[in-house]
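> Throughout the sequence shown, residue numbering follows the UniProt record's numbering, covering 1 to 331 in sequence. We put the CB at the ideal spot given by N, CA and C, even for glycine. Since the model is a prediction, treat every value here as computed from it, not as a measurement.
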Amino acid sequence: MGSLIGAILCEKYNFVGPSILSVFYAYHKYFTRVQTHSTIPYQLFDITKSIPDNLTFPCYIKAPCSAFGVLGFTLKNRKSLECILPLVKKELPKMNAPLKQLSQKYFPKSIINFLKKDTMLIEGYRNSKQITIEGFVHNGNIYPLFITDTNFLGNTRCIDNFSLPSSVTPKQEHLIKEQTQKDISAIGLNNTFFNVEYWITDTDCELIEINARTAHCFKRLYKKVHNFDVMDELIHLSLGIKPNIPNMKPTCHALQGNIIIQKNGNSSDLFDYTQKSPSNVRFFILPDSPIRSLSEFKSILGQFELFGKDYESIKKIADEYRNRSIKKETR
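1. Just curious, the beta strand (DSSP E) that residue 120 is in, first and last residue?
2. Please classify residue 266: does DSSP put it in a helix, a strand, or coil?
3. Decide if residue 1 is buried, meaning its Cβ has at least 16 other Cβ atoms within 10 Å, or exposed.
4. Could you check whether the segment 198-209 touches the segment 218-235, counting it as contact only if at least three pairs of C-beta atoms, one from each stretch, sit closer than 8 Å?
5. Taking Cβ to Cβ, would you say residue 36 is nearer than 7 Å to residue 183?
6. Using CA coordinates, which residue listed in 201, 286, 300 and 260 is at the minimum distance from residue 126?
7. What is the DSSP secondary structure of residue 134, counted as helix, strand or coil?
8. Below 8 Å on the Cβ atoms is my guess for residue 122 versus residue 55; work out the distance and round it to an integer in Å.
9. CA-CA distance, residue 218 and residue 143?
10. Buried or exposed for residue 110, please, with buried defined as at least 16 other CB atoms from any protein chain shown within 10 angstroms of its CB.
11. Counting only runs that start and end within the segment 198-273, where is the beta strand (DSSP E) found for 3 or more residues in a row?
12. Leaving out the 5 sequence neighbours to the left and right, which residues in its chain are closer than 7 Å to residue 331 when beta-carbon positions are compared?
13. What does DSSP give as the partner residues of residue 25 in its beta bridges?
14. Exposed or buried, which one is residue 64 when buried takes at least 16 other CB atoms within 10 Å?
15. Could you tell me the distance, in whole angstroms, from the CA atom of residue 80 to the CA atom of residue 47?
16. Quick one: residues in its chain with C-beta nearer than 7 Å to the C-beta of residue 26, no 5 flanking neighbours on either side, listed in chain order?
17. Take the Cβ of residue 50 as the centre, count every other Cβ of all protein chains shown within 10 Å, and call the residue buried at 16 or more, exposed below.
18. Residue 199 and residue 130: beta carbons closer than 7 Å?
19. Assign residue 264 to buried or exposed, taking buried as 16 or more other Cβ atoms, counted over all protein chains shown, within 10 Å of its Cβ.
20. So does the segment 68-82 actually touch the segment 13-20, counting three or more Cβ pairs closer than 8 Å?
21. Check whether the Cβ atoms of residue 148 and residue 169 sit closer than 7 Å, and answer yes or no.
22. Tell whether a beta-carbon distance below 7 Å holds between residue 134 and residue 67.
23. What is the rounded straight-line gap between the Cα of residue 260 and the Cα of residue 300?
24. Let me know the secondary structure DSSP gives residue 290 once reduced to three states.
25. According to DSSP, simplified to helix, strand and coil, what is residue 142?
26. In chain order, what residues of the same chain have a beta carbon less than 8 Å from the beta carbon of residue 294, not counting five sequence neighbours either side?
27. Among residues of its own chain, excluding the 5 on either side of residue 89, which ones have a beta-carbon nearer than 7 Å to its beta-carbon?
28. Near residue 223, which residues of its chain fall below 7 Å by C-beta distance, leaving aside the five closest residues on each side in sequence?
29. Quick check on residue 169: does DSSP put it in helix, strand or coil?
30. Under the rule that 16 or more other beta-carbon atoms within 10 Å means buried, what is residue 118, buried or exposed?
31. Does DSSP put residue 47 in a helix, a strand or coil?
32. Identify which residue in 185, 176 and 191 has its Cα closest to the Cα of residue 197.
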C-alpha cells in the first residue's frame with residue numbers, strides 16, 4: 001500500500017516517480033498476471049460464491065494484495081480450501097478495505113468496480129528454487145541488479161532465510177535478468193526501484209510477483225556485500241538522477257534469517273527473548289504478545305543479519321541461535 005500512496009503523491013505534486021496505474025498493476029497480483037501474460041494457470045475466486053468446479057490440485061491461493069504471504073496457502077484438495085474459507089472470509093474484507101477507499105479518488109472507474117468484490121487469486125502450484133531480483137528503472141531504462149536466494153525451512157514453504165550472493169549459475173542469471181526486463185516493461189514501471197520474485201529451473205523462469213519498491217529489509221545485505229546504499233540511491237532517483245551501478249563482485253556472504261514460530265499462543269511461551277543473539281534482532285512481535293498465523297508461512301517473530309566468508313558457516317550460527325531460543329515444545 002505504501003508504494004501506491006507514494007505513486008499518488010508523485011503524480012499529485014509532479015514528483016519524479018512511477019504512474020499510479022503501473023504501481024497498481026504490480027500491487028494487485030491478478031493484474032500482474034494479466035499484464036505480463038503469465039503462462040501459469042490462474043483465476044479469481046469470489047469468496048461470496050461457491051468454490052469453482054474447475055480447480056486442479058495442488059494449487060496455491062493468496063490474497064491478491066497481501067504482504068508477507070498473508071492468507072497464502074497451498075491447497076492439496078477441495079477440502080483444504082473449505083477449511084481455510086472461514087479465515088479468508090473473516091480477514092480478506094478487512095485487508096481490502098483501505099485499497100477500496102483509496103481507489104474511489106485515484107483509480108479508473110473500471111478498477112473501482114472490479115475492487116468491489118472480495119476475491120482471492122488461485123494459481124498453479126510450483127515448487128522449484130525461488131529467488132528475488134532487485135533493480136531500478138530510470139527514464140524508461142531497466143537495470144536489474146542483485147539476485148538473492150530464498151531458502152526454505154526443511155520441506156515447508158516457510159522462509160528460513162534470504163542469502164546473498166545467489167547460488168544461481170551464469171546461465172540462470174542471464175535468464176532471470178532477461179525475464180525481469182520483459183516483466184517490468186509489461187507492467188510499465190518507470191523511475192522507481194523494484195524487486196521481483198521468481199521460481200527458477202535451469203531452463204525457465206516463472207514470475208511469482210512484482211513489487212514497485214526496493215526490498216528495504218535487504219538494505220544491510222546490499223551495503224555489506226556490494227557497498228550499495230539503497231537509501232542514498234533512492235534519493236538520487238527521486239531527483240531524476242540515475243542511481244550508481246555498484247560493483248557486482250561480492251565482498252562477503254550475507255544471510256538474513258527469519259525467526260519462525262510455527263504455533264499460535266503467547267510469544268513469551270514460544271520464544272526465549274533472553275537468549276544472546278549473534279547480531280541485532282528486529283523483533284516484529286514483542287514479549288507477551290499474541291501470535292496467530294494467517295498463512296502457511298507461519299509467523300515471523302523477528303529478523304537478523306549475519307555476514308561471513310561462506311553461506312554454510314553463517315547458516316550454522318543462525319541455526320544455533322534459533323535452536324536455543326525457539327522453545328522445543330512449540331516447534
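Taking the structure as given:
1. Position 120 of the sequence shown, counting from 1, holds the residue named residue 120. Segment 119-124, the beta strand (DSSP E) holding residue 120.
2. For this step, residue 266 is matched to residue 266 along the sequence shown. Correct three-state label for residue 266: strand.
3. Position 1 of the sequence shown holds residue 1. Residue 1 should be labelled exposed.
4. Segments in contact, no.
5. Taking the sequence shown and counting its residues from 1, one reaches residue 36 at position 36. Taking the sequence shown and counting its residues from 1, one reaches residue 183 at position 183. Yes, the pair counts as a contact, with Cβ atoms nearer than the cut-off.
6. As a position in the sequence shown, residue 126 is number 126, starting the count at 1. For residue 126, the nearest C-alpha among the options comes from 201.
7. Within the sequence shown, numbered from 1, the residue matching residue 134 stands at position 134. Strand at residue 134.
8. Sequence index remark: in the sequence shown, residue 122 carries index 122 (1-based). Sequence index remark: in the sequence shown, residue 55 carries index 55 (1-based). Indeed, because the Cβ distance is near 7 Å, the residues count as touching under 8 Å.
9. In the sequence shown, the residue the question calls residue 218 occupies position 218. In the sequence shown, the residue the question calls residue 143 occupies position 143. Straight across, the Cα-Cα distance linking residue 218 with residue 143 is about 17 Å.
10. To locate residue 110, count along the sequence shown from 1; it is residue 110. Classification for residue 110: exposed.
11. Taken in chain order, the complete beta strand (DSSP E) segments of 3 residues or longer contained in the segment 198-273 are 205-211 and 253-261.
12. Counted from its first residue, the sequence shown places residue 331 at position 331. The pLDDT assigned to residue 331 is 49, lower than 50, so where the model puts this residue is not dependable; a value taken from the coordinates is nonetheless given after this. Same-chain partners within the cutoff: 262.
13. On the sequence shown, position 25 is the one that residue 25 refers to. Answer is none; residue 25 lacks a bridge partner.
14. Residue numbering aside, residue 64 sits at position 64 when the sequence shown is read from its first letter. By the 10 Å Cβ count, residue 64 comes out buried.
15. Within the sequence shown, the letter at position 80 stands for residue 80. Within the sequence shown, the letter at position 47 stands for residue 47. One C-alpha to the other measures close to 15 Å.
16. One-based indexing of the sequence shown puts residue 26 at position 26. The residues are 32, 187, 189, 210, 211 and 212.
17. Within the sequence shown, residue 50 is the residue found at index 50, counting from 1. Residue burial is scored here from C-beta neighbours: residue 50 has fewer than 16 other C-beta atoms within 10 angstroms and is therefore classed as exposed.
18. As a position in the sequence shown, residue 199 is number 199, starting the count at 1. As a position in the sequence shown, residue 130 is number 130, starting the count at 1. In this structure, the beta-carbon distance from residue 199 to residue 130 falls below 7 Å.
19. For the purposes of this step, residue 264 is identified with residue 264 of the sequence shown, where counting begins at 1. By the neighbour-count rule (16 or more Cβ atoms within 10 Å), residue 264 is not buried but exposed.
20. Flag = no, the segment 68-82 and the segment 13-20 do not touch.
21. If you number the sequence shown from 1, residue 148 lands on position 148. If you number the sequence shown from 1, residue 169 lands on position 169. Their beta carbons are not under 7 Å apart, which means residue 148 does not touch residue 169 by this criterion.
22. Residue 134 sits at position 134 when you count from the first residue of the sequence shown. Residue 67 sits at position 67 when you count from the first residue of the sequence shown. At least 7 Å separates the beta-carbon of residue 134 from that of residue 67.
23. Here residue 260 refers to the residue found at position 260 when the sequence shown is read from its first residue. Here residue 300 refers to the residue found at position 300 when the sequence shown is read from its first residue. For residue 260 and residue 300, the distance between alpha carbons rounds to 5 Å.
24. Here residue 290 refers to the residue found at position 290 when the sequence shown is read from its first residue. In the structure shown, residue 290 sits in a strand (DSSP, three-state: E or B).
25. Counting from one through the sequence shown, the residue named residue 142 turns up at place 142. Strand, per DSSP.
26. Against the sequence shown, residue 294 aligns to sequence position 294. Excluding its 5 nearest sequence neighbours in each direction, residue 294 has C-beta neighbours in its own chain below 8 Å: 70, 71, 87 and 91, listed in chain order.
27. The residue given as residue 89 occupies position 89 in the sequence shown. In the same chain as residue 89, and ignoring 5 residues on each side of it, the C-beta atoms closer than 7 Å to its own belong to 47, in chain order.
28. Within the sequence shown, residue 223 is the residue found at index 223, counting from 1. So the list reads 229, once near-sequence residues are dropped.
29. To locate residue 169, count along the sequence shown from 1; it is residue 169. Residue 169 sits in coil when the DSSP states are folded into three classes, being neither helix nor strand.
30. Reading the sequence shown from its first residue, position 118 is the one you call residue 118. Counting every other CB atom within 10 Å of its CB across the protein chains shown gives residue 118 a total of 16 or more, marking it as buried.
31. What you label residue 47 is simply residue 47 of the sequence shown in a count that begins at 1. Coil, per DSSP.
32. Within the sequence shown, numbered from 1, the residue matching residue 197 stands at position 197. Selection 185, 176 and 191 evaluated against residue 197 yields 176 as nearest (Cα-Cα).
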